[in-house]
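Using this note's numbering, read the sequence shown as starting at 569 and increasing by one per residue.
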Amino acid sequence: MTADGPHDHGIGTDDSAPPGAETTGTPGAETPAFPGAETTATSGHPARAAGAGGGGGPGGGILGRAHRALTLGIISVVSLVAFEASAVNTAMPVAARALDGIGLYAFGFSAFFTASLFAMALAGEWSDRRGPLGPLFSGIAAFGAGLLIAGAARSMGMFIVGRGVQGIGGGLVVVSLYVVVGRAYPERLRPSIMASFSAAWVVPVIVGPLVAGTVTEHLGWRWVFLAIPVLILLPLVVMLPALRTLPRTRPAPAGGVRQVLGSRRCLLALAVAAGACLLQYAGQHPAWPALLPAAVGLALLAPGIVRLLPRGTFRAARGLPSVVLLRGLAAGALVAAESFIPLMLVTQRGLSATLAGLSLTGGGLTWALGSYVQSRPRLEPHRERLMGLGMVLLALAIALVPLALIDGVPAGIVAAAWTIGGFGMGLNISSAGVLLLKLSRPEEAGSNSASLQMSDALGNVTFVGLGGVLFVAFGGGEIAHGSAATAAMSHPAAFVAVFATMAAVALAGAVTTCRLK
């Protein structure tokens, strides 16, 4: 135990909460980075959860009178975050070209993930010591402010700053919402509300690219960012009365701002975030002067990662460490590849932003299908094999994407490939939550769930950053305002390098599944 004691679990237990409210670091306390990611990380399948609807038991279900307002508010917030995530993929190629920032394209994504990594640790400490309302409202405010900064940006540098502020807000919101769930809902309803988190992603993943593409083409990319802050106000108004009834948390003796920011876990997460930024900067500026930031970045990144994740994670030790490692490999490979798909389709195939974004929607639907398939009781003995199959399908999907660069191959192959990849991720990500609980002692569920969440964020930061380095190294930074045909003839290798590398990462994940037992 460190000097921070039980608070060093990020989203772990809350010593100052009333009885029954200390399970915020329980199964399911994972970042809802993907649809279906957290559904099975609960104490039972959503379909079997008591009180899933409006009846059953004291106080009804999650849509009963006692919880309806809070449930609708939570679902609305998660849906807006999900919509923004899917909309950014669609608008980003247009925004980067308009701001003359194709060379910094990957930073538009990695800035969000890097900042959210630190914010997740901060939110866990803040919630444990002072309660979840402070980080929740601060996170919503930061998320909205980041959207406004990005939407009003006149340079790619300012756009990246806005994305970083968004990431801080997103990290704070995600963790504090789970703490709110632990305090506001009885244990019998938690599987249902966790399932609603997953369901809140489905519609945004389907309609987000279409809406964002239409707005981008007819009103401009800026409105994809500027319109969302106004929409955040409604769920806040709906939730506020219910949030005021939550049990008040007495500040911990070491619960001041200085103590929270100075906690071991926050400092480690800050070091990792700073190190990741320095390494990506050095990778995109290959020259002798870049060796210094690269060395400093590595010195910050490596020790922090090792201490944030379970011992043995990076050597794929059997059992829990391999589960945590696999989560980072799967999430990182998918997000890094997905970040460059719209850019490839817009610049290389001349597709509109709408059509490029729609190529990703099938993956959201098959993700839900894969998550459902892995939840079948008769497949439980084969969970590790299902996860291996999921990683192989993801690798196949990513490997198929660059075929769209070949003349004569229809661009629709990307949409077909992504339906395969989505199914693979549904098999894999949800199963990771199930295995995590299976391999965790009850008193370790909170810290292990936080580790899985950290691995997800670290995978995104690492592989999106690596994708950006490869993209620039192979000439992708020169893809700007030229015609699609010229760009395709000059720099297809930039996209091939990114997708080939991420396919290899997914295959490494498939090998890692042999170490899950």
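Glycine residues also receive a C-beta, built at the ideal position from the N, C-alpha and C atoms.
P661: first and last residue of the uninterrupted alpha helix (DSSP H) it sits in: R636 to A666
For G738, the three-state DSSP class (helix, strand or coil): helix
Contact the segment 1059-1068 vs the segment 857-867: 3+ CB pairs below 8 angstroms: no
C-beta atoms of G692 and V743 nearer than 9 angstroms: Taking 9 angstroms as the Cβ cut-off, G692 and V743 qualify as a contacting pair.
Length of the line joining the Cα atoms of L1003 and L888: 8 angstroms
Buried or exposed by the 16-neighbour rule on C-beta atoms within 10 Å, applied to W935: buried
The segment 649-665 / the segment 777-790 touching (three or more Cβ pairs under 8 angstroms): As far as the Cβ criterion goes, the segment 649-665 touches the segment 777-790, which means the pair count is three or higher.
Expected contact under 8 angstroms - CB spacing of V733 and G714 to nearest Å: 3 angstroms
Local conformation of G887 per DSSP, three classes: coil
Through-space distance from A689 to F1039, alpha-carbon basis: Here the alpha carbons of A689 and F1039 stand approximately 30 angstroms from one another.
Residues near T929 by beta carbon distance below 7 angstroms, same chain, minus five either side: V773, I774 and P777
Straight-line gap, A674 to R633 (C-alpha atoms, nearest Å): 45 angstroms
Cβ separation of G1077 and M959, assumed to be a contact under 8 angstroms, to the nearest whole Å: Their Cβ separation, rounded to whole angstroms, is 4 angstroms, which keeps G1077 and M959 in contact under 8 angstroms.
Reduced DSSP category for V977 - H, G, I as helix; E, B as strand; rest coil: coil
Proximal residues to G1044 (C-beta, below 6 angstroms), its chain only, five neighbours per side dropped: Result list for G1044: H1059 and A1062, in chain order.
Rounded C-alpha distance that separates G843 from D668: CA-to-CA, the gap between G843 and D668 works out to about 26 angstroms.
First through last residue of the alpha helix (DSSP H) which encompasses S678: F675 to R698
Local Cβ density within 10 Å of Y746, reported as buried at 16 or more and exposed below that: buried
The segment 804-812 in contact with the segment 942-952 per 3-pair CB rule at 8 angstroms: no
Cβ neighbours of M1070 in the same chain (closer than 6 angstroms, five flanking residues each side left out): A901, A904, A905 and I966
CB-CB length for L685 against A837, believed under 8 angstroms: 6 angstroms
Nearest-angstrom Cβ-Cβ length linking D1024 and A884, presumed shorter than 8 angstroms: At roughly 17 angstroms, the Cβ-Cβ gap does not stay under 8 angstroms, so D1024 and A884 are not in contact.
Reduced DSSP secondary structure (H/G/I, E/B, other) of H1059: coil
Buried versus exposed, by CB contacts within 10 Å (16 or more), L911: buried
Buried versus exposed, by CB contacts within 10 Å (16 or more), L538: Because residue 538 is not part of the residues shown, which for the chain are 569 to 1085, the question remains open.
7 angstroms Cβ shell around V1073 - same chain, five flanking residues per side excluded: L897, G900, A901 and F1031
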